[in-house]
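One structure is given here, and the rest of the page talks about it.
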Amino acid sequence: MAASVEYTSCACNRNPQSLDWGCNNVVAYAACNAVVLYDPQANGGAGAATHTLVNHNAKVNCVRWIRRKNGAETTLLSTSVDKTVTIWAKKGDHFTPAARLVGHEDAVTTADALYSAPASSDLITVASAGGDFSIRIWEVDAEFTAKCVQEINLKGNFAMDIRMCFLPSTCVPLLAYGGNDMMVHCYYKDSTAGFVKCHTLYGHEDWVRGVSFKECADDSVFVASCSQDSVIRIWKISPCRDDEMVNSNSTPGEIKLRGSTFTARLNESSQAFDVGLETVLSGHEGWVYSVHWCPATSRGEDGGELHSLLSASMDKTVVVWEPDSSTGLWLDKARFGDIGGNTLGFLGAVFGPDGNRILAHGFQGSFHMWKRPESDRDNLWQNSVTPGGHFDKVGDIAWSAGGEYLLSCSSDQTTRLHAPWIMPQGSKSWKEIARPQVHGHDLACIASTGRLQFVSGAEEKVLRAFEGTRNFIDNFKRLCGADLLEHSSIKELAEGASVPSLGLSNKAVYESDLTRNTDDAERHPKKPVPRVLLHTRHPHRASYRGRPPAEHTVDRSEEALWARL
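The sequence shown stops at residue 565 when you use the UniProt record's numbering, and every number in between is there.
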């Protein structure tokens, strides 16, 4: 008898570096003490979690693909509260733990890695930072034998994020980390002395939470940093030019910010590099937790490169920044986010490998994906189907009486309903279809008492019974092809359900309430009508439009709630 995993549902850990999307078009994210691999193209484009990688015995803090300049990624790393770093290598269709880096004396919070030569070498250089106020440099050979070759003492400071790339026009690794000292510190790898500090980038007025590199076609490197001061800064590192070239390329009357230089020793020679502030982006109103460069590069009207930068903030927005093709000024080209008071902002966001998809994760582990057609460059983005699940301990699960769906309850104070979504082409993909209960206490147990009823218990030691609504039944039949009213003895169902502003449980709304409240609204136009009443009076507004609901739709949505009995 053989068994296989049909469905994996889990949320993302509450860390800015918990999510990465490789050029191999596979999403890797941290979930509790595991790393989950999600394929957006699985199941006919519906997406599915394909692997769950477990090697840590405590929460995973950081997940990153180890990129090659040419070709898809076959290795990734993960860091954990258990004070270790794990290197995962692909063997066939699976990823296995190939190396375990042990040496930190506290939780490893962030790390990055690169191959010593961009395209050919199998030697991996890893930089990891932890709560022990240090950065450790590791070398992992082709047999995945690892050793720590250097330790950088941060003298009581923390590295909030660490990134690596190559110095422009060289194969010399460059390391940058953002610290709680409000600065970005840069190191390059000397051939004899290891990583040597070469420059410090100033300007932020609070902790630097994220750093990202972008290699450009003109042999320069962009460094983007974000901070709790709500500002993003972009610097440009490029090889120094001769004075004659600088003078000949300067425009009369042009005002330029004064830059700085540093010199790196490359084997038996030395090379000077210019470092200048490219721009300062101010558009967020809260802490900015992450920045990520788009892997794909577009062309402007003059044929030059146009780079896109993605930022995620606690102000509940994700922003795409691009330089204007005519003026060169960096502007926010697209802005995404949540409206409402029940969300707590975004911790991270990444571009897909083609630049036409964006995946973000929120403070409570939820995912949000936006997609635009490949031929559409007007930033007309649309919501797309995402992975997801509980972001705290799952206390209990229960199948419905007819086996049409699975119920789960969790310490995240929600009950979720999972079922196979029948796609237009006929294939099936398991998704979260509804969130019948959003409670004010941690949920511990659940039991199904019929095709449309269940009972749940929470930490306040009270059992509550719920019943499906006609709104939910219509959407379930449309998405999953099953009529839950068939062979049912229920004579009257609520049209919908709503949660009072200061309430803990769902309130049923019946057809009689619709007529009465609609009449009241006509007599008293300033008196607000519950949103569920508006939806049920117009059934097309309650539809999920042929696909499972997005996070902003299902979270405390009247369309997904069940009525309390």
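The C-beta atom is built at its ideal place from N, Cα and C for all residues, glycine as well.
Alpha-carbon to alpha-carbon, residue j and residue i
{"i": "Ser248", "j": "Val208", "result": "Because the pLDDT at Ser248 is just 41, under 50, the model does not fix this residue reliably, and the value given afterwards should be weighed accordingly. The straight-line gap from Cα to Cα measures roughly 37 Å."}
{"i": "Ala193", "j": "Lys155", "result": "20 Å"}
{"i": "residue 566", "j": "Gly468", "result": "The structure shown has nothing for residue 566, since the chain only spans 1 to 565."}
{"i": "Ala563", "j": "Ala508", "result": "5 Å"}
{"i": "Met314", "j": "Asn267", "result": "44 Å"}
{"i": "Phe144", "j": "Glu73", "result": "16 Å"}
{"i": "Gln437", "j": "Glu551", "result": "15 Å"}
{"i": "Arg547", "j": "Arg67", "result": "33 Å"}
{"i": "residue 621", "j": "Leu37", "result": "The question about residue 621 has no answer here: the residues shown for the chain are numbered 1 through 565."}
{"i": "Ala30", "j": "Tyr510", "result": "42 Å"}
{"i": "Ile87", "j": "Lys59", "result": "16 Å"}
{"i": "Val320", "j": "Leu485", "result": "45 Å"}
{"i": "Ala349", "j": "Leu331", "result": "18 Å"}
{"i": "Ser250", "j": "Asp274", "result": "Any reading at Ser250 needs caution, since the residue's pLDDT is 49, under 50, leaving its predicted position unreliable; the model's value is listed next. Spanning the two alpha carbons is a distance of roughly 15 Å."}
{"i": "Asn15", "j": "Gln364", "result": "10 Å"}
{"i": "His390", "j": "Cys12", "result": "9 Å"}
{"i": "Ser116", "j": "Cys216", "result": "19 Å"}
{"i": "Ala10", "j": "Thr261", "result": "It should be noted that the sequence gives Cys, not Ala, for residue 10. Rounded to whole angstroms, Cys10 to Thr261 spans 47 Å at the Cα level."}
{"i": "Asn157", "j": "Ala107", "result": "14 Å"}
{"i": "Val529", "j": "Gly440", "result": "Because the pLDDT of Val529 is 49, which lies under 50, any placement of that residue in the model is unreliable, and the number read from its coordinates should be weighed accordingly. Taking the straight line from one Cα to the other gives about 24 Å."}
{"i": "Asp181", "j": "Val149", "result": "26 Å"}
{"i": "Lys431", "j": "Gly22", "result": "23 Å"}
{"i": "Val5", "j": "Gly131", "result": "36 Å"}
{"i": "Arg435", "j": "Glu492", "result": "22 Å"}
{"i": "Glu459", "j": "Asp442", "result": "6 Å"}
{"i": "Ala3", "j": "Ser121", "result": "39 Å"}
{"i": "Phe195", "j": "Val223", "result": "18 Å"}
Proximity to residue i [Cα-Cα], best of the options
{"i": "Asn55", "options": "Thr297, Leu77 and Asn180", "result": "Leu77"}
{"i": "Arg372", "options": "Gly362, Ile358 and Gly365", "result": "Ile358"}
{"i": "Gly286", "options": "Gly345, Phe336 and Ala447", "result": "Gly345"}
{"i": "His418", "options": "Trp88, Ala349 and Gly388", "result": "Gly388"}
{"i": "Cys454", "options": "Pro295, Ala142, Phe195 and Gly402", "result": "It is worth fixing the name first, because residue 454 is Phe in this sequence and not Cys. Closest by alpha carbon: Gly402."}
{"i": "Ser429", "options": "Asn24, Gly47, Trp330 and Ser18", "result": "Gly47"}
{"i": "Gly44", "options": "Pro323, Gly178, Leu53 and Gly426", "result": "Gly426"}
{"i": "Thr214", "options": "Ile137, Gly71, Leu306 and Ala142", "result": "The amino acid at residue 214 is misidentified as Thr; the sequence shows Lys. Minimum Cα distance to Lys214 is reached at Leu306."}
{"i": "Pro173", "options": "Lys477, Asn157 and Lys197", "result": "Lys197"}
{"i": "Asp206", "options": "Asp229, His361, Leu406 and Asp122", "result": "Asp229"}
{"i": "Ala360", "options": "Asp354, Phe336 and Pro353", "result": "Phe336"}
{"i": "Ser227", "options": "Ala264, Asn57 and Leu201", "result": "Leu201"}
{"i": "Gln41", "options": "Ser238, Ala34, Ile237 and Thr386", "result": "Thr386"}
{"i": "Thr317", "options": "Leu347, Thr297 and Asp324", "result": "Leu347"}
{"i": "Thr415", "options": "Gly450, Ile422, Gly457 and Trp421", "result": "Gly457"}
{"i": "Pro97", "options": "His51, Asn356, His284 and Trp421", "result": "His51"}
{"i": "Pro239", "options": "Gly481, Phe195 and Leu167", "result": "Leu167"}
{"i": "Lys461", "options": "Ile446, Gly328 and Gly203", "result": "Ile446"}
{"i": "Asp412", "options": "Ser366, Leu452, Ser384 and Glu374", "result": "Ser366"}
Check whether residue i and residue j have beta carbons under 8 Å apart
{"i": "Ala129", "j": "Ala159", "result": "yes"}
{"i": "Asp20", "j": "Val63", "result": "yes"}
{"i": "residue 568", "j": "Ala111", "result": "Because the chain here runs from 1 to 565, residue 568 falls outside it and cannot be looked at."}
{"i": "Ser410", "j": "Lys393", "result": "yes"}
{"i": "Ala444", "j": "Asp396", "result": "yes"}
{"i": "Phe351", "j": "Pro424", "result": "no"}
{"i": "Ile135", "j": "Tyr177", "result": "yes"}
{"i": "Ser212", "j": "His292", "result": "yes"}
{"i": "Gly276", "j": "Trp235", "result": "yes"}
{"i": "Cys171", "j": "Val221", "result": "no"}
{"i": "Ser225", "j": "Val280", "result": "no"}
{"i": "Ser282", "j": "Gly210", "result": "no"}
{"i": "Thr109", "j": "Thr84", "result": "no"}
{"i": "Ser311", "j": "Glu322", "result": "no"}
{"i": "Thr75", "j": "Lys91", "result": "no"}
{"i": "Leu53", "j": "Val27", "result": "no"}
{"i": "Gly496", "j": "Ile422", "result": "no"}
Beta-carbon separation (whole angstroms), residue i vs residue j, contact threshold 8 Å
{"i": "Val140", "j": "Ile124", "result": "4 Å"}
{"i": "Thr499", "j": "Leu561", "result": "In the sequence as presented, Thr is not what sits at residue 499; that position holds Val. The pair is a contact, with the Cβ atoms about 7 Å apart (cut-off 8 Å)."}
{"i": "Trp399", "j": "Trp381", "result": "Not confirmed; about 37 Å, so no contact."}
{"i": "Ser270", "j": "Asp219", "result": "With a Cβ gap of about 17 Å, Ser270 and Asp219 do not count as contacting."}
{"i": "Pro353", "j": "Asn70", "result": "That pair is no contact at about 13 Å."}
{"i": "Ile137", "j": "Ala127", "result": "6 Å"}
- [ ] Could you pull out every unbroken alpha helix (DSSP H) segment of at least 4 residues lying fully inside the stretch 28–68, listed in chain order?
- [x] 42–45
Task: 4-residue-minimum alpha helix (DSSP H) runs that sit fully inside the stretch 347–375, ordered along the chain - done: Taking only runs of at least 4 residues, no alpha helix (DSSP H) segment lies wholly in the stretch 347–375.
Task: Continuous beta strand (DSSP E) assignments of at least 3 residues falling wholly in the stretch 470–498 - done: 496–498
Open item on the list: Please give the ranges of any beta strand (DSSP E) in the stretch 254–322, keeping only runs that are unbroken, at least 3 residues long and fully inside the region.
Closed with: 260–266, 269–282, 288–293 and 309–313
- [ ] Could you tell me which uninterrupted beta strand (DSSP E) segments, each at least 3 residues in length, are contained entirely in the stretch 100–157, listed from first to last along the chain?
- [x] 108–115, 124–130, 134–140 and 146–153
Task: Contained alpha helix (DSSP H) runs [length at least 4] in the stretch 400–484, N- to C-terminal order - done: 470–480
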